[in-house]
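S.K.: The numbering of the sequence shown is UniProt numbering, which starts it at 1 and goes up by one.
All C-beta atoms, glycine included, are put in the ideal place defined by N, C-alpha and C.
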Amino acid sequence: MESSKIKSLIGRVVKLAKFSLGGLLVIFFIAFVIAYWYLGIPLAMLFYLYKYEDRINLKQKKTVAVILGIFMLSMSSYAYSHRAPSIRITEPENEFSVGTSTLVTIKGYVRPKDSSLSHLKKAVEVDKKGNFEFELPVKKERTIVFLETAREDKTGKAELVINRTLTPEERVDKEKAEEAAERKRKAEIAAKTAKAKADLEAYNRSPAGRACKAHPEWTKEECELLAAGKIWIGMPYDILVYRLGRPDAVNPSNYGYGTQYQYCWMDYGPSCFYDQNNDGRIDSYN
Numbered sequence: 001m002e003s004s005k006i007k008s009l010i011g012r013v014v015k016l017a018k019f020s021l022g023g024l025l026v027i028f029f030i031a032f033v034i035a036y037w038y039l040g041i042p043l044a045m046l047f048y049l050y051k052y053e054d055r056i057n058l059k060q061k062k063t064v065a066v067i068l069g070i071f072m073l074s075m076s077s078y079a080y081s082h083r084a085p086s087i088r089i090t091e092p093e094n095e096f097s098v099g100t101s102t103l104v105t106i107k108g109y110v111r112p113k114d115s116s117l118s119h120l121k122k123a124v125e126v127d128k129k130g131n132f133e134f135e136l137p138v139k140k141e142r143t144i145v146f147l148e149t150a151r152e153d154k155t156g157k158a159e160l161v162i163n164r165t166l167t168p169e170e171r172v173d174k175e176k177a178e179e180a181a182e183r184k185r186k187a188e189i190a191a192k193t194a195k196a197k198a199d200l201e202a203y204n205r206s207p208a209g210r211a212c213k214a215h216p217e218w219t220k221e222e223c224e225l226l227a228a229g230k231i232w233i234g235m236p237y238d239i240l241v242y243r244l245g246r247p248d249a250v251n252p253s254n255y256g257y258g259t260q261y262q263y264c265w266m267d268y269g270p271s272c273f274y275d276q277n278n279d280g281r282i283d284s285y286n
């Protein structure tokens with residue numbers, strides 16, 4: 001009994017493995033057809049032709065196969081000759097250290113060999129075989145070299161990191177430069193802080209600043225509108241009172257939608273202001 005269960009389990013595992021393998025092969029084939037349609041589609045046609053098509057004879061199948069073969073070779077050759085260019089740096093290796101030297105020779109090649117090469121937008125000479133060699137000055141402790149190749153409308157990139165040990169004199173100069181940069185940074189921060197403080201003090205002396213200082217619950221924009229003598233929809237009732245004094249008449253009303261208020265000043269135009277939803281802000285005036 002146990003033996004039959006084991007055999008059944010093994011059978012299921014084998015079927016599952018076959019199904020998974022078949023699914024992976026299908027996915028691989030679809031990806032292959034998408035990436036290399038000029039090979040995948042003709043191969044699928046050939047497979048169908050020889051496996052399932054019985055309406056044409058063997059000679060005709062061979063003729064079609066030759067035509068498709070020529071097509072695949074032609075398209076493969078075209079794709080290869082028009083492929084994206086690439087760069088291979090052979091010397092020095094990445095993260096190479098040049099000691100205290102200030103010059104390094106960079107060698108490598110591009111493919112296809114008629115691709116152009118540039119470093120920081122400056123052309124680098126490439127020989128007929130696609131090889132290149134040029135000297136590059138290095139002054140920093142860490143230099144990143146960016147190379148770019150181009151051919152037709154395609155480009156390729158490569159980068160190389162070169163490390164260098166600073167001389168004692170260079171290290172002293174570097175420390176001095178860093179100290180000077182730090183002093184400049186602190187001076188700029190101090191200047192900005194002083195300017196911000198002066199601007200704030202000047203603002204606090206202005207009508208808008210005095211209003212905001214007395215009523216920190218008001219926004220800067222509201223204080224500036226108040227100082228400019230503006231009346232606006234959404235204006236807080238408290239700002240209206242700050243500007244005009246207490247109203248001569250306050251008339252509440254309620255028509256089933258909550259309390260509404262009418263505030264009127266007899267010697268000012270507009271003379272009446274309305275808070276229609278009792279939120280402390282003016283919704284209309286006349």
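Given a cut-off of 8 angstroms, decide if R183 and N163 are closer than it, judged by their beta-carbon atoms.
M.R.: Along the sequence shown, read from residue 1 onward, the residue named residue 163 stands at position 163. Along the sequence shown, read from residue 1 onward, the residue named residue 183 stands at position 183. Against a cut-off of 8 angstroms, the Cβ pair of R183 and N163 comes out as no contact.
S.K.: Where F132 and T100 are concerned, what is the direct C-alpha to C-alpha distance, given to the nearest angstrom?
M.R.: Counting from one through the sequence shown, the residue named residue 132 turns up at place 132. Counting from one through the sequence shown, the residue named residue 100 turns up at place 100. Here the alpha carbons of T100 and F132 stand approximately 25 angstroms from one another.
S.K.: Within 10 Å of its beta-carbon, does T149 have 16 or more other beta-carbons around it, so buried, or fewer, so exposed?
M.R.: Numbered from its first residue, the sequence shown carries residue 149 at position 149. Classification of T149: buried, given that the 10 Å Cβ count is 16 or more.
S.K.: Classify residue 288 as buried or exposed, calling it buried when 16 or more other Cβ atoms lie within 10 Å of its own Cβ.
M.R.: An answer regarding residue 288 cannot be provided, because it is not within the stretch 1 to 286 covered by the chain.
S.K.: With DSSP collapsed to three states, give me the class of Q276.
M.R.: Taking the first residue of the sequence shown as position 1, residue 276 is located at position 276. Coil at Q276, not helix or strand.
S.K.: Pick out the complete beta strand (DSSP E) segments inside the region 48-111, 3 residues or longer, and give them in chain order.
M.R.: Runs of the beta strand (DSSP E) inside the region 48-111: 86-91, 103-111.
S.K.: Can you list, in chain order, the residues of its chain whose CB lies under 7 angstroms from that of L225, leaving out five sequence neighbours each side?
M.R.: For the purposes of this step, residue 225 is taken as the residue at position 225 of the sequence shown. Take L225, set aside five residues on each side of it, and the residues of its chain with a beta-carbon closer than 7 angstroms to its own are W232, in chain order.
S.K.: In angstroms with no decimal places, state the Cα-to-Cα distance between Y285 and A187.
M.R.: Along the sequence shown, one-based indexing puts residue 285 at 285. Along the sequence shown, one-based indexing puts residue 187 at 187. In this model, Y285 and A187 are separated by some 52 angstroms (Cα to Cα).
S.K.: Kindly indicate which residue of A181, D248, P236 has the alpha-carbon position closest to the one of N277.
M.R.: As a first step, residue 277 must be located in the sequence shown, where it is residue number 277. If we check each option's Cα against that of N277, P236 comes out closest.
S.K.: Can you check whether the CB of L117 is closer than 8 angstroms to the CB of V104?
M.R.: Within the sequence shown, numbered from 1, the residue matching residue 104 stands at position 104. Within the sequence shown, numbered from 1, the residue matching residue 117 stands at position 117. It is not a contact, given that the beta carbons lie outside the stated cut-off.
S.K.: For the alpha helix (DSSP H) containing G156, list its first residue and its last residue.
M.R.: Numbered from its first residue, the sequence shown carries residue 156 at position 156. Segment 154-163 is the beta strand (DSSP E) holding G156; no alpha helix (DSSP H) there.
S.K.: Taking the alpha-carbon of A249 as reference, which of G229, D238, C264, V241 has the nearest alpha-carbon?
M.R.: Residue mapping note: residue 249 aligns to position 249 of the sequence shown, counting from 1. The shortest Cα separation from A249 among G229, D238, C264, V241 belongs to C264.
S.K.: Going by beta carbon distance, what residues of the same chain come within less than 8 angstroms of R185, once the five residues before and after it are set aside?
M.R.: Counting from one through the sequence shown, the residue named residue 185 turns up at place 185. So no residue of the chain qualifies.
S.K.: May I ask you to report which of helix, strand or coil DSSP gives I233?
M.R.: Indexing the sequence shown from 1 puts residue 233 at position 233. Coil at I233, not helix or strand.
S.K.: Can you pull the DSSP bridge partners for T149?
M.R.: Here residue 149 refers to the residue found at position 149 when the sequence shown is read from its first residue. DSSP lists L117, G156 as partners of T149.
S.K.: State the DSSP-derived secondary structure class of Y242, mapped to helix, strand or coil.
M.R.: Mapped onto the sequence shown, residue 242 falls at position 242. Y242: helix per DSSP, three-state reduction.
S.K.: Is L136 near I89, with beta carbons less than 8 angstroms apart?
M.R.: Within the sequence shown, the letter at position 136 stands for residue 136. Within the sequence shown, the letter at position 89 stands for residue 89. Their beta carbons are not under 8 angstroms apart, which means L136 does not touch I89 by this criterion.
S.K.: Can you tell me the Cα-Cα spacing of A158 and F134, whole angstroms?
M.R.: On the sequence shown, position 158 is the one that residue 158 refers to. On the sequence shown, position 134 is the one that residue 134 refers to. Taking the straight line from one Cα to the other gives about 15 angstroms.
S.K.: Whose C-alpha, out of R243, K174, D238, E179, is nearest the C-alpha of P207?
M.R.: Residue numbering aside, residue 207 sits at position 207 when the sequence shown is read from its first letter. The shortest C-alpha separation from P207 is found at R243.
S.K.: Going by DSSP in three states, E221 sits in which element: helix, strand or coil?
M.R.: Position 221 of the sequence shown, counted from the start, is the residue given in the question as residue 221. Note: E221 maps to helix in three-state DSSP.
S.K.: On a CA-only basis, which of D267, G258, N254 is nearest G245? Give me that one, please.
M.R.: As a position in the sequence shown, residue 245 is number 245, starting the count at 1. Per the Cα distances, D267.
S.K.: Pick from E93, R111, F146: whose alpha carbon is nearest that of H119?
M.R.: On the sequence shown, residue 119 is found 119 positions in, with the first residue counted as 1. Nearest of E93, R111, F146 to H119, Cα basis: F146.
S.K.: When you compare the CB positions of A211 and A228, do they come within less than 8 angstroms of one another, or not?
M.R.: The sequence position of residue 211 within the sequence shown is 211, counting from 1. The sequence position of residue 228 within the sequence shown is 228, counting from 1. No; because the gap between Cβ atoms is not below 8 angstroms, this pair is not in contact.
S.K.: Rounded to a whole number of angstroms, what is the C-alpha to C-alpha distance between S97 and L73?
M.R.: Translated into the one-based positions of the sequence shown, residue 97 becomes position 97. Translated into the one-based positions of the sequence shown, residue 73 becomes position 73. Rounded to whole angstroms, S97 to L73 spans 46 angstroms at the Cα level.
S.K.: In terms of residue numbering, what span does the beta strand (DSSP E) encompassing K122 cover?
M.R.: Counting from 1 along the sequence shown, the entry for residue 122 is found at position 122. K122: member of the beta strand (DSSP E) spanning 122-124, first to last residue.
S.K.: Relative to the C-alpha of P42, which residue among G69, N57, K62, G258 is closest?
M.R.: As a position in the sequence shown, residue 42 is number 42, starting the count at 1. When the alpha-carbon of P42 is set against those of G69, N57, K62, G258, the nearest one is in G69.
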